[in-house]
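Protein chains: 2
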Amino acid sequence: MSDLKDVARVAGVSRATAARCFASPEVVRPTTREQVFAAARELGFRPNLLGRQLRLQTTQLIGVVVPSLLNPVFAEQFQAMERAARSRGYNLLLATTDYSAERESAVVEELLRQRVDGLVLTVTDAHSNRVLQSLSTEDTPFVLAYHQPGSTEYSAVSVDNRAGMALATRYLLDAGHRRIGMVAGPTLQSDRARQRYAGYCDAMGERGTSQPPITAMPIIEMPSHTQADFAALAPLLGGHHAPTALVCSNDLLAISLIAELRRHGWAVPQQLSIIGFDGIAIGTQMHPTLCSVVQPVAALATTVIDQLLAQIAGAAPTSHCLPCHIRPGESSQPYNQPYEETLHDPLQ
Amino acid sequence: MSDLKDVARVAGVSRATAARCFASPEVVRPTTREQVFAAARELGFRPNLLGRQLRLQTTQLIGVVVPSLLNPVFAEQFQAMERAARSRGYNLLLATTDYSAERESAVVEELLRQRVDGLVLTVTDAHSNRVLQSLSTEDTPFVLAYHQPGSTEYSAVSVDNRAGMALATRYLLDAGHRRIGMVAGPTLQSDRARQRYAGYCDAMGERGTSQPPITAMPIIEMPSHTQADFAALAPLLGGHHAPTALVCSNDLLAISLIAELRRHGWAVPQQLSIIGFDGIAIGTQMHPTLCSVVQPVAALATTVIDQLLAQIAGAAPTSHCLPCHIRPGESSQPYNQPYEETLHDPLQ
DNA sequence: CACTCGCTTGAGATCGATCTCATTGGCGAG
DNA sequence: CTCGCCAATGAGATCGATCTCAAGCGAGTG
Chain C
21 MSDLKDVARV AGVSRATAAR CFASPEVVRP TTREQVFAAA RELGFRPNLL
71 GRQLRLQTTQ LIGVVVPSLL NPVFAEQFQA MERAARSRGY NLLLATTDYS
121 AERESAVVEE LLRQRVDGLV LTVTDAHSNR VLQSLSTEDT PFVLAYHQPG
171 STEYSAVSVD NRAGMALATR YLLDAGHRRI GMVAGPTLQS DRARQRYAGY
221 CDAMGERGTS QPPITAMPII EMPSHTQADF AALAPLLGGH HAPTALVCSN
271 DLLAISLIAE LRRHGWAVPQ QLSIIGFDGI AIGTQMHPTL CSVVQPVAAL
321 ATTVIDQLLA QIAGAAPTSH CLPCHIRPGE SSQPYNQPYE ETLHDPLQ
Chain D
21 MSDLKDVARV AGVSRATAAR CFASPEVVRP TTREQVFAAA RELGFRPNLL
71 GRQLRLQTTQ LIGVVVPSLL NPVFAEQFQA MERAARSRGY NLLLATTDYS
121 AERESAVVEE LLRQRVDGLV LTVTDAHSNR VLQSLSTEDT PFVLAYHQPG
171 STEYSAVSVD NRAGMALATR YLLDAGHRRI GMVAGPTLQS DRARQRYAGY
221 CDAMGERGTS QPPITAMPII EMPSHTQADF AALAPLLGGH HAPTALVCSN
271 DLLAISLIAE LRRHGWAVPQ QLSIIGFDGI AIGTQMHPTL CSVVQPVAAL
321 ATTVIDQLLA QIAGAAPTSH CLPCHIRPGE SSQPYNQPYE ETLHDPLQ
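In the order they appear, the protein sequences are chains C and D. 21 is the number of the first residue of the first sequence in our numbering; add one for each residue after it. 21 is the number of the first residue of the second sequence in our numbering; add one for each residue after it.
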C-alpha cells in the first residue's frame with residue numbers, strides 16, 4: 021500500500037509538498053502539482069485516513085446508536101441520516117443495542133474510543149440513563165433522536181409524542197368510540213411509551229363529561245416492545261366494558277396485535293379498531309391498512325444531523341419538535357352501536 | 021482528553037510501561053500496575069484507538085455494504101453480523117447504496133480509505149461489477165453475501181437461489197397450479213433475480229410433458245426491486261391463459277404485489293396464489309400470511325463473518341451455500357378447478 | 001547593486017499508542 | 001564477594017498525514 025511518502029519520492033518532491041497538492045492545490049506550482057498527481061495515479065495512492073484523523077484530531081465520523089434496525093423506523097432514520105451526513109463529508113458508525121441499557125453504555129464507550137466527532141443516540145429511556153449523564157461531562161457533542169427534552173437539558177429532536185397520541189385518541193373519539201385502551205411494550209423502560217400514554221390520558225380526560233362517561237384505562241402492557249401477546253389482552257376483551265378501540269405505542273406492536281387478534285378469531289376493524297404510532301411504510305401494504313400517527317422520519321433525521329454538525333462546529337445545543345399527523349387506514353373504523361349493549365364475543 | 025502520556029506521568033512511569041499495563045499486564049510488577057490503573061481511573065483515561073490503529077496497521081473495523089436497510093433482510097443480516105463481529109472484537113462500518121453501482125464504488129473506496137480490515141459486500145449485480153474486479157487486486161479481503169459464486173472466483177456466502185425458487189415453483193405445481201408466472205424487479209441489474217428466474221424455469225421444465233402442458237412464462241418485470249405496479253401486471257390477468265399463481269423474486273415485492281392486487285379488486289389467494297422469497301418476519305403478520313422461501317439470514321451472517329475473519333487471519337477465500345426452505349402461508353392455496361375454463365375476471 | 005516582497009518548497013515536529021532494544025536492579029549460585 | 005541471569009523499566013523510533021516555520025529564489029524597486 022503506497023503512502024504519501026512514496027508519492028513524494030516518485031514525484032521528486034517533499035512529503036509536505038505532496039500533501040499540499042491534495043489539501044490546498046492552489047499554493048503549489050501547477051507543474052509540480054501535475055507531477056505529484058501523476059505519481060499518485062501511477063502508484064494507486066489511496067490516502068490513509070488514520071494518519072489524517074490522528075493529526076487533525078477529527079475523524080469525520082458520527083456514532084449512531086439505535087435500539088434495533090428490525091424496526092423500520094430506525095432503519096429509515098439511519099438511511100436518511102446517512103444521506104445527510106455523507107453529503108457533508110461525514111461517515112456513520114452504527115451500533116445497535118437491542119433495547120439493553122448495558123449495551124448502550126458499552127457501545128457509546130466503544131464509539132468514543134473510536135473518537136467519533138459526535139453521537140446520535142436513540143436510547144430506551146433518556147431519563148434514567150447513566151450514559152447521558154456521563155456524556156454531558158465529556159466534550160463530544162451528541163443529539164437525542166426520538167426523545168423529548170424533559171427536565172434535563174440535552175439536545176434532542178423529536179415529535180411531540182404526547183400530542184401525537186392525543187391526536188390518535190381524539191381521532192377515535194370523533195369516530196364515536198368511547199371505550200379506548202392503550203397497548204404498549206415494557207412501559208417502565210421507555211420514555212416514549214410513557215409520553216404517549218400521557219397523551220392518551222389527555223385526550224380521554226378532555227371528554228370526561230360525556231354520556232356515557234369516558235375514562236382512561238390503565239395501560240395494557242406487553243412483554244416486548246414490538247410483539248403483542250394475546251394472553252395479556254384476552255381478559256379485557258368481550259366483557260361489558262371491553263374497549264372498542266386500541267391505540268398502540270408503535271406500529272410494529274400494532275401490526276403484531278392485529279395478527280395476534282386474527283389468530284384468535286378477532287377481526288380488525290370489525291370488532292376492534294386499532295391505531296399505531298410511527299407511520300412505517302409497510303403499514304399501507306397491510307390488510308387492513310394500518311391507521312397510524314406518522315412521524316416525519318426523514319425530516320427528523322436531517323434535523324438531527326444539522327443540529328449535530330452545528331454543535332460540532334461550536335454551536336450551542338438546541339432541541340426541536342416536529343409535527344406529526346394521522347394517516348387514516350382501514351384498521352380504524354367509526355363506532356355506531358349504542359354503548360349499553362354487550363359487545364359480541366366470538367369466544368363465548 | 022487525557023492520553024497515555026498523562027497517565028504515565030501521574031503514575032510516575034514511562035509511556036512504555038503504562039502501555040504494557042493494558043497490552044500485557046503480566047509483565048508489569050503488580051504494584052506498578054496498580055499505580056497506572058489508579059492514575060488511569062483518576063484521569064478518566066480512554067484509549068485513543070486511532071493511535072493504536074495507525075501503529076498496528078489494523079482497525080478492527082469491517083466495512084459492510086448493503087443496498088438498503090429498508091429491506092428487513094439486510095437489516096436482519098446487519099444485526100446478526102454486528103453481534104458476531106462485536107463478540108470477536110470487531111466493529112462494523114455500514115454504508116448503503118440504494119441499489120446504485122456508482123454508490124457501490126464510492127462507498128467501497130471510502131471504506132478502504134478508512135482502512136477497514138475486511139469488507140462484506142451485497143451488491144446489485146456481482147458479475148458486471150467493476151468494484152469487485154479492482155478489489156481483487158487489493159490486499160483487503162472481502163466476502164460477498166447473498167451472491168453465489170459464478171464463473172468468478174470471489175469468496176461468497178449465499179443460499180442456492182436457483183434451487184430455492186425451484187422449490188417454491190414445485191410447491192405450487194404440487195398444489196395443482198399449472199399456469200405460474202414470476203414477478204421480479206429490474207432483472208437485468210440483479211444477479212439474484214436472474215438466478216431465481218432460472219430456478220423457476222427449471223421447475224416448470226421438469227413437468228413439461230403433463231396435460232395440459234406446462235411452460236415457463238417470460239419474467240414479469242416491475243420498475244422497482246421492492247414495489248409492484250398493477251399496470252405492468254394487468255395485461256396478463258383475466259385472460260384464458262392467465263396465471264393462477266405467481267412467484268416473486270423477494271418478499272417485499274410479494275407483499276407490495278398482494279396489496280396492489282387488492283387495491284384493484286383481486287383477492288389473494290382466492291384468485292391468485294403468491295409466494296415470496298426471503299422469509300422476512302413481517303410476512304407471518306400479514307393477512308393473508310405470506311408463503312415464502314426462507315433464507316437462514318442469521319446463519320448466513322455468522323458464516324460471512326467467520327469466513328471474513330478467517331481470511332483476515334490469512335486463510336484462503338472459500339464459498340458457502342446454505343439450505344433454504346418453504347414456509348407455508350395463506351397467500352398460496354391449492355388450485356382445483358379444471359384449467360380449460362376461463363378464470364373469473366372482476367374487471368370485465 | 002543591495003534589499004525586500006512574495007511565491008514555492010522542505011525540514012522537522014506532532015497526533016497517541018506500541019514495539020524494539022538497551023539498561024537497571026536484585027538475587028542466587030559459585 | 002562477584003558473576004550472571006532474569007525480571008522490570010525506559011528511551012527512542014514508528015505508523016501516515018499535516019502544520020509550522022524558515023529558507024531559497026526570482027522579480028521589482030530605491
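Note that CB positions come from ideal geometry on N, CA and C, so glycine has one too.
- Where D:GLY225 is concerned, the enclosing alpha helix (DSSP H) starts and stops at 211 to 226.
- Distance from the Cα of D:HIS307 is smallest, within the candidate group D:GLY349, D:THR322 and D:PRO337, for D:GLY349.
- In this structure, the beta-carbon distance from C:GLN73 to D:LEU70 falls below 7 Å.
- Shown in chain order are the members of the region 260 to 283 of chain C whose Cβ falls below 9 Å from a Cβ of chain D: LEU272, ILE275, SER276, ILE278, ALA279, GLU280 and ARG282.
- Here the alpha carbon of D:ARG212 sits roughly 22 Å from the alpha carbon of D:ALA126.
- Leaving aside the five residues that flank D:SER34 on each side, the residues in its chain whose CB is nearer than 7 Å to its CB run, in chain order, ALA28.
- Assigned with DSSP and collapsed to three states, C:GLY184 falls in helix.
- DSSP, read as helix, strand or coil, puts D:ILE302 in helix.
- Listed in chain order, the positions of the region 330 to 353 of chain C with a beta carbon within less than 7 Å of a beta carbon of chain D would be empty, since no residue qualifies.
- Residues VAL288 of the same chain have their beta carbon placed closer than 8 Å to that of D:ARG282, with the five preceding and five following residues left out of the count.
- Using beta-carbon distances, C:ARG61 does not count as an interface residue toward chain D, since no partner is under 7 Å.
- Taken through DSSP and simplified to helix, strand or coil, C:ARG347 comes out as strand.
- In terms of Cβ geometry, D:ALA146 and D:LEU164 form a close pair [threshold 7 Å].
- Excluding five sequence positions before and after C:ALA223, the CB atoms of its chain that fall closer than 7 Å to its own CB belong to ALA186, THR189, ARG190 and LEU193, given in chain order.
- By the criterion of at least three beta-carbon pairs nearer than 8 Å, the region 108 to 121 of chain C is not in contact with the region 337 to 356 of chain C.
- Interface criterion not met: the Cβ of D:PHE42 is under 7 Å from no Cβ in chain C.
- Leaving aside the five residues that flank C:SER352 on each side, the residues in its chain whose CB is nearer than 8 Å to its CB run, in chain order, TYR191, LEU192, ALA195, ALA265, PRO289, SER293, ILE294, ILE295 and CYS311.
- Within the same chain, LEU112, LEU114 and VAL140 come within 6 Å of D:VAL84 by CB-CB distance, once the 5 residues on both sides are set aside.
- For D:SER148, no beta strand (DSSP E) encloses it, and the DSSP letter there is neither H nor E.
- Straight across, the Cα-Cα distance linking C:SER154 with C:VAL136 is about 16 Å.
- With respect to the C-alpha of D:GLY109, the residue from D:PHE42, D:ALA95 and D:THR79 having the closest C-alpha is D:THR79.
- At least one beta carbon of chain C lies nearer than 7 Å to the beta carbon of D:LEU69.
- Taking the Cα of C:VAL93 as reference, the smallest distance to any Cα among C:VAL317, C:TYR359, C:LEU328 and C:ILE332 is reached at C:VAL317.
- The three-state reading of DSSP puts D:PHE65 in coil, since its state is none of H, G, I, E or B.
- DSSP links D:CYS41 through a beta bridge to no other residue.
- Taking the C-beta atoms as reference points, D:PRO263 is found no nearer than 7 Å to D:ARG216.
- When the five nearest sequence neighbours on each side are left out, the beta carbons in the same chain lying within less than 7 Å of the beta carbon of D:ARG227 are those of LEU193 and ILE234, in order along the chain.
- Spanning the alpha carbons of C:LEU131 and C:ARG75 requires a straight line of approximately 19 Å.
- In terms of CA proximity to C:TYR359, C:HIS197 leads the group C:ALA105, C:GLU122, C:HIS197 and C:THR160.
- Residue range 271 to 283 is occupied by the alpha helix (DSSP H) that includes D:ALA279, with no beta strand (DSSP E) assigned at that position.
- Against C:ILE302, the close residues of chain D are ILE275 and ILE302, in the order they occur along the chain (beta-carbon pairs closer than 8 Å).
- In terms of Cα proximity to C:ALA105, the closest of C:PRO343, C:ALA321 and C:TYR355 is C:ALA321.
- Chain D has no Cβ within less than 7 Å of the Cβ of C:LEU155.
- For C:SER178, the enclosing beta strand (DSSP E) has its first and last residue at 176 to 179.
- Bounds of any alpha helix (DSSP H) do not take in D:ILE82; it lies within the beta strand (DSSP E) bounded by 81 to 86.
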